[in-house]
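Visitor:
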Amino acid sequence: MGGEEQISRRPSAADADALVQTRWARVLVTSLADAGIRDVFVSPGSRSTPLLLAVLRLAGEGRLRCHDVVDERSAGFLALGRVRTTGRPVVLLCTSGSAPTHYYPAVVEADADRLPLLILSADRPVELQHCGANQTLDQLHLFGRNVRRFVDLGLADASPDALRSLRRQAAQCVFDAMWPVAGAVHLNARARKPLEPPSVEDTSPEVEALLARPIVLPVAPRHMPPRREIDLLLDNARRARGGLIVAGPAHLDRGTVRDRLRLVAARLRWPVIADSTSQLRDGETVQAAPALLDTSFARKHAPDVVLQVGRPPAASSWGRCLRDWTLKGNTRLWVLGADAWSDPESVASHLVFGDVDACLDQLLDRLELATELPREEARDYQTVWRRASDLARHASHKICHAEPGRDSQDLIPESVAIHRVVSALPPRAQLILGNSLPVREVDLWLEGEQFDRREVLHQRGLSGIDGNVAGAVGAALGGTPTLLLIGDVSLRHDLGSLELTRRVPGLVIVVLDNHGGRIFEHLPLAGHPTTTPDVFEHWLQGAELDLESVAASQGLRYLRPSSGSEITSAVRGAFETEGRSATWLLHLVVEPSSAVEAARMLGRRLQALLDHEGLS
Numbered sequence: 050m051g052g053e054e055q056i057s058r059r060p061s062a063a064d065a066d067a068l069v070q071t072r073w074a075r076v077l078v079t080s081l082a083d084a085g086i087r088d089v090f091v092s093p094g095s096r097s098t099p100l101l102l103a104v105l106r107l108a109g110e111g112r113l114r115c116h117d118v119v120d121e122r123s124a125g126f127l128a129l130g131r132v133r134t135t136g137r138p139v140v141l142l143c144t145s146g147s148a149p150t151h152y153y154p155a156v157v158e159a160d161a162d163r164l165p166l167l168i169l170s171a172d173r174p175v176e177l178q179h180c181g182a183n184q185t186l187d188q189l190h191l192f193g194r195n196v197r198r199f200v201d202l203g204l205a206d207a208s209p210d211a212l213r214s215l216r217r218q219a220a221q222c223v224f225d226a227m228w229p230v231a232g233a234v235h236l237n238a239r240a241r242k243p244l245e246p247p248s249v250e251d252t253s254p255e256v257e258a259l260l261a262r263p264i265v266l267p268v269a270p271r272h273m274p275p276r277r278e279i280d281l282l283l284d285n286a287r288r289a290r291g292g293l294i295v296a297g298p299a300h301l302d303r304g305t306v307r308d309r310l311r312l313v314a315a316r317l318r319w320p321v322i323a324d325s326t327s328q329l330r331d332g333e334t335v336q337a338a339p340a341l342l343d344t345s346f347a348r349k350h351a352p353d354v355v356l357q358v359g360r361p362p363a364a365s366s367w368g369r370c371l372r373d374w375t376l377k378g379n380t381r382l383w384v385l386g387a388d389a390w391s392d393p394e395s396v397a398s399h400l401v402f403g404d405v406d407a408c409l410d411q412l413l414d415r416l417e418l419a420t421e422l423p424r425e426e427a428r429d430y431q432t433v434w435r436r437a438s439d440l441a442r443h444a445s446h447k448i449c450h451a452e453p454g455r456d457s458q459d460l461i462p463e464s465v466a467i468h469r470v471v472s473a474l475p476p477r478a479q480l481i482l483g484n485s486l487p488v489r490e491v492d493l494w495l496e497g498e499q500f501d502r503r504e505v506l507h508q509r510g511l512s513g514i515d516g517n518v519a520g521a522v523g524a525a526l527g528g529t530p531t532l533l534l535i536g537d538v539s540l541r542h543d544l545g546s547l548e549l550t551r552r553v554p555g556l557v558i559v560v561l562d563n564h565g566g567r568i569f570e571h572l573p574l575a576g577h578p579t580t581t582p583d584v585f586e587h588w589l590q591g592a593e594l595d596l597e598s599v600a601a602s603q604g605l606r607y608l609r610p611s612s613g614s615e616i617t618s619a620v621r622g623a624f625e626t627e628g629r630s631a632t633w634l635l636h637l638v639v640e641p642s643s644a645v646e647a648a649r650m651l652g653r654r655l656q657a658l659l660d661h662e663g664l665s
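All the letters of the sequence shown, read from the start, carry residue numbers 50 to 665 under this note's numbering.
1) Measure the beta-carbon distance from N237 to S170 and round it to whole angstroms, keeping in mind my assumption that it falls under 8 Å.
2) Whole angstroms is fine: what's the gap from I168's alpha carbon to L400's?
3) Could you check the C-alpha separation between G232 and N517 for me, to the nearest Å?
4) If you drop the 5 nearest sequence neighbours on each side, which residues of the same chain put their C-beta closer than 6 Å to that of F126?
5) Is the distance from the Cβ of R198 to the Cβ of D225 below 7 Å?
6) Let me check understanding here. Comparing Cα to Cα, which of V249, P229, A525 lies closest to A65?
7) Along the chain, which unbroken stretches of the beta strand (DSSP E) at least 3 residues long are found entirely within the region 325 to 389?
8) Smallest Cα separation from N563: which of H577, E463, Q411, G291?
9) Please identify the residue among D388, L385, D343, G386 whose C-alpha is closest to the C-alpha of R372.
10) When we look at the beta-carbon of V258 and count the other beta-carbons within 10 Å, is it buried (16 or more) or exposed?
11) Residues bridged to F402 by DSSP?
12) Among the residues of its own chain, which have a CB less than 6 Å from the CB of D88, if the five just before and after it don't count?
13) Would you mind giving the Cβ-Cβ distance between L416 and L282, rounded to the nearest angstrom? I have them listed as a contact below 8 Å.
14) Buried or exposed: M273, going by 16 or more other Cβ atoms within 10 Å of its Cβ?
15) Helix, strand or coil, according to DSSP, for L409 in the structure here?
16) Near E548, which residues of its chain fall below 7 Å by C-beta distance, leaving aside the five closest residues on each side in sequence?
17) On the CB-based measure, 16 or more other CB atoms within 10 Å of its CB, does G576 come out buried or exposed?
18) Within the same chain, show all residues whose beta-carbon is closer than 7 Å to that of S97, passing over the 5 residues directly before and after it, in chain order.
19) In this structure, does DSSP put N563 in helix, strand or coil?
20) Going along the chain, which unbroken runs of the beta strand (DSSP E) with 3 or more residues stay wholly within the region 124 to 191?
21) Is it buried or exposed, E490, if we count other Cβ atoms within 10 angstroms and call 16 or more buried?
22) Could you please give me the residues that DSSP links to W633 through a beta bridge?
23) What residue does the beta strand (DSSP E) around S97 start on, and which one ends it?
24) Can you give me the start and stop residues for the beta strand (DSSP E) that F500 sits inside?
25) Rounded to whole angstroms, what is the Cα-Cα separation between I264 and A67?
26) Is the Cβ-Cβ distance between A647 and I322 less than 7 Å?
27) Of the choices I279, P209, W228, whose alpha-carbon is the least far from that of L164?
28) Pairing CB atoms from the region 174 to 181 with CB atoms from the region 205 to 219, are three or more of them under 8 Å?
29) Out of V396, Q357, R309, L634, which one is the CA nearest neighbour of V470?
30) Would the region 499 to 508 count as touching the region 650 to 661 if we require 3 or more Cβ pairs under 8 Å?
31) Would the region 309 to 323 and the region 402 to 410 be scored as touching if the rule is three or more Cβ pairs under 8 Å?
32) What are the partner residues of N237, as DSSP defines its beta bridges?
33) Tell me whether the beta-carbon of L561 lies closer than 7 Å to the beta-carbon of T632.
34) When you compare the region 529 to 547 with the region 466 to 486, are there three or more beta-carbon pairs, one atom per stretch, that lie closer than 8 Å?
35) At the level of alpha carbons, what is the spacing between A340 and R442?
36) Suppose the cutoff is 6 Å on Cβ atoms and the five residues either side in sequence are ignored; what does the same chain contact list for A623 look like?
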């Protein structure tokens with residue numbers, strides 16, 4: 050009897066193979082968690098079964114959060130939204146075949162915007178490759194040069210050497226996703242059947258001992274700027290009659306730079322142009338109005354030195370202005386960047402790579418000792434920019450507060466709608482801006498006071514409208530009140546992700562419905578002599594969409610405000626305690642061409658004011 054009982058407990062061949070895969074998957078997933086992974090976004094499939102079971106085991110222990118997402122494309126942007134708010138890498142897990150290809154848009158976004166991301170794709174064994182086997186794709190180097198590293202982990206191997214190596218490779222991949230330049234890393238894990246767990250208990254003292262040992266995590270060095278470059282920058286600033294500080298889109302951690310940059314600007318008496326997505330806009334620093342870049346004032350009052358912190362401003366007017374200043378004048382452009390060559394106009398005179406905080410700290414230390422700064426001309430230069438910026442704000446205030454009369458049948462202008470939405474946000478709510486027009490108009494119509502220490506997120510990497518809804522849901526997973534401001538085309542492009550909004554009741558989606566594609570009205574194409582109305586219609590994509598029915602199908606609360614006061618009430622109501630019990634969709638139908646008309650009106654009015662004051 051005893052012998053028969055012992056034989057019956059012996060694992061079958063299938064169980065033996067399953068034990069190997071189970072242990073291998075457990076070591077891999079546990080090592081990823083030990084290396085800092087906290088969130089795994091899973092699009093379930095058969096080939097990834099051992100990996101998913103390992104994830105669920107750790108989720109049950111509270112070490113991982115498992116997010117199930119049916120569509121891999123939505124999962125990719127959901128994951129990026131989470132990364133943008135936490136700064137921590139996350140894992141995307143999927144099955145084999147075409148499944149990982151749907152991550153490609155998120156991978157290239159992670160590459161362009163320096164976001165740490167790990168792709169863990171299950172794969173079929175080598176013997177099924179290139180022979181017509183179902184759901185089999187050559188997944189080696191699937192994402193090309195858009196990932197920081199590719200690792201083919203091969204088939205499961207439960208030998209001690211293999212498991213030690215696997216644990217080390219997991220730590221390496223997490224580190225490579227963050228340093229020296231953050232981005233995506235692709236791990237490809239092959240698996241043979243059986244994919245199901247073994248029917249016998251998985252006990253392995255060797256595995257337990259391996260996982261009990263602390264994982265080795267490297268410490269990334271801090272990039273310190275060369276002292277001589279900071280000294281040269283200070284010398285340039287000392288001789289400058291006037292300077293300008295600019296800052297483009299940046300991650301939330303840029304907030305640590307804010308106070309340092311404010312001190313530098315105050316000490317040098319230099320005005321600041323900061324994108325709404327730079328994390329640097331506020332009501333204290335002397336903010337220069339971006340609208341000035343499109344006027345003769347900018348040409349007349351070119352700075353001697355421009356200090357660019359990180360990426361350049363997104364507005365095309367900045368590029369035109371900078372080319373005029375540097376190629377036709379004597380402006381010197383200094384770029385402080387942590388890891389990226391941020392000089393798209395190819396006009397920089399100095400690029401300083403290093404930790405931006407460290408660069409500004411060194412500059413502040415030198416400024417403390419520079420008793421001859423600022424020059425009197427710099428004081429005058431700041432005063433002129435301040436006066437011009439006040440005129441720009443006066444002109445924009447008149448436009449973005451003008452509404453149709455009570456008896457008018459006209460739709461609300463887009464500038465008014467945007468100003469009302471952002472102004473109604475509660476202090477702690479994070480704002481997510483869609484690409485195309487929303488981010489540009491927020492830059493144009495909102496002032497620093499509306500952004501005081503507010504977190505502003507933006508999918509700026511490739512400026513695409515892909516996955517905006519999924520990204521907003523990912524950003525809201527942490528529980529912070531969140532508003533997404535997007536256009537109607539962006540929403541239509543990501544309708545499939547509305548299902549995800551049920552995970553974050555309290556998200557507010559504001560849709561600017563201007564009959565789509567109006568960004569093209571701001572481009573030379575619109576005024577080209579060959580662009581007839583029937584030709585231009587191909588760029589307008591505002592097909593009628595019943596958003597009320599769409600909202601109802603996904604359990605969203607729907608409102609269609611038709612005036613500025615109704616917009617204010619709707620946004621405030623959505624963020625009240627009772628309102629946050631569900632996701633809201635606020636449908637703002639605006640005058641279709643009002644964005645381009647308002648921008649042109651602002652340009653004319655501002656130029657007239659500058660001429661009248663003798664500033665142009």
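All C-beta atoms in this analysis are idealised placements derived from N, C-alpha and C, irrespective of residue type, glycine included.
Guide: Taking the definition as stated:
1) Residue mapping note: residue 237 aligns to position 188 of the sequence shown, counting from 1. Residue mapping note: residue 170 aligns to position 121 of the sequence shown, counting from 1. Yes, they are in contact, since the Cβ atoms of N237 and S170 sit about 5 Å apart, within 8 Å.
2) As a first step, residue 168 is located in the sequence shown; it is residue number 119 there, counting from the start. As a first step, residue 400 is located in the sequence shown; it is residue number 351 there, counting from the start. The alpha-carbon atoms of I168 and L400 are separated by roughly 33 Å.
3) Position 183 of the sequence shown, counted from the first residue, corresponds to residue 232. Position 468 of the sequence shown, counted from the first residue, corresponds to residue 517. G232 and N517: Cα-Cα distance of roughly 19 Å.
4) Translated into positions along the sequence shown, residue 126 becomes position 77. Excluding sequence neighbours, F126 sits near A155, G516, A519, G520.
5) As a position in the sequence shown, residue 198 is number 149, starting the count at 1. As a position in the sequence shown, residue 225 is number 176, starting the count at 1. In this structure, D225 lies closer than 7 Å to R198 by Cβ.
6) Numbered from its first residue, the sequence shown carries residue 65 at position 16. With distances taken between Cα atoms, A65 lies closest to V249.
7) 354 to 358, 381 to 386
8) Counting from 1 along the sequence shown, the entry for residue 563 is found at position 514. Among H577, E463, Q411, G291, the Cα nearest to that of N563 is on E463.
9) What you label residue 372 is simply residue 323 of the sequence shown in a count that begins at 1. Taking only the C-alpha atoms, the option nearest R372 is D343.
10) One-based indexing of the sequence shown puts residue 258 at position 209. With the sequence shown as reference, residue 258 is identified as Ala, and Val is not the correct amino acid for it. By the 10 Å Cβ count, A258 comes out exposed.
11) Numbered from 1 along the sequence shown, position 353 holds the residue referred to as residue 402. DSSP lists G386 as partners of F402.
12) The residue given as residue 88 occupies position 39 in the sequence shown. Around D88: R114, R131, V139.
13) Residue numbering aside, residue 416 sits at position 367 when the sequence shown is read from its first letter. Residue numbering aside, residue 282 sits at position 233 when the sequence shown is read from its first letter. Not really, about 10 Å apart at Cβ, beyond 8 Å.
14) Here residue 273 corresponds to residue number 224 of the sequence shown, with the count starting at 1. Answer is exposed; the Cβ neighbour count stays below 16.
15) Locating residue 409 in the sequence shown gives position 360, counting from the first residue. Here L409 sits in helix by DSSP.
16) Along the sequence shown, read from residue 1 onward, the residue named residue 548 stands at position 499. Q603.
17) Counting from 1 along the sequence shown, the entry for residue 576 is found at position 527. Counting Cβ neighbours within 10 Å, G576 comes out exposed, since fewer than 16 surround it.
18) As a first step, residue 97 is located in the sequence shown; it is residue number 48 there, counting from the start. These residues qualify, in order along the chain: L142, C143, T144, A171.
19) The count along the sequence shown starts at 1 and reaches residue 563 at position 514. Here N563 sits in coil by DSSP.
20) Segments of the beta strand (DSSP E) lying fully in the region 124 to 191: 139 to 143, 166 to 172.
21) Position 441 of the sequence shown holds residue 490. When all chains shown are included, E490 counts as buried.
22) For this step, residue 633 is matched to residue 584 along the sequence shown. Per DSSP, V557, R606.
23) For the purposes of this step, residue 97 is taken as the residue at position 48 of the sequence shown. Segment: none, S97 is in no beta strand (DSSP E) and carries neither H nor E.
24) One-based indexing of the sequence shown puts residue 500 at position 451. F500 -> no beta strand (DSSP E), and no H or E assigned at all.
25) For the purposes of this step, residue 264 is taken as the residue at position 215 of the sequence shown. For the purposes of this step, residue 67 is taken as the residue at position 18 of the sequence shown. The alpha-carbon atoms of I264 and A67 are separated by roughly 25 Å.
26) Here residue 647 refers to the residue found at position 598 of the sequence shown. Here residue 322 refers to the residue found at position 273 of the sequence shown. No, the Cβ-Cβ distance between A647 and I322 is not below 7 Å.
27) As a first step, residue 164 is located in the sequence shown; it is residue number 115 there, counting from the start. Per the Cα distances, W228.
28) no
29) Counting from 1 along the sequence shown, the entry for residue 470 is found at position 421. Closest by alpha carbon: L634.
30) no
31) yes
32) Numbered from 1 along the sequence shown, position 188 holds the residue referred to as residue 237. DSSP, once it has assigned bridges, lists S170, D201 as partnering N237.
33) To locate residue 561, count along the sequence shown from 1; it is residue 512. To locate residue 632, count along the sequence shown from 1; it is residue 583. Not in contact: L561 and T632 (Cβ atoms no closer than 7 Å).
34) yes
35) If you number the sequence shown from 1, residue 340 lands on position 291. If you number the sequence shown from 1, residue 442 lands on position 393. If I take the Cα positions, the gap works out to 9 Å.
36) As a first step, residue 623 must be located in the sequence shown, where it is residue number 574. Excluding residues within five positions, the ones whose Cβ falls inside 6 Å are V557, W633.
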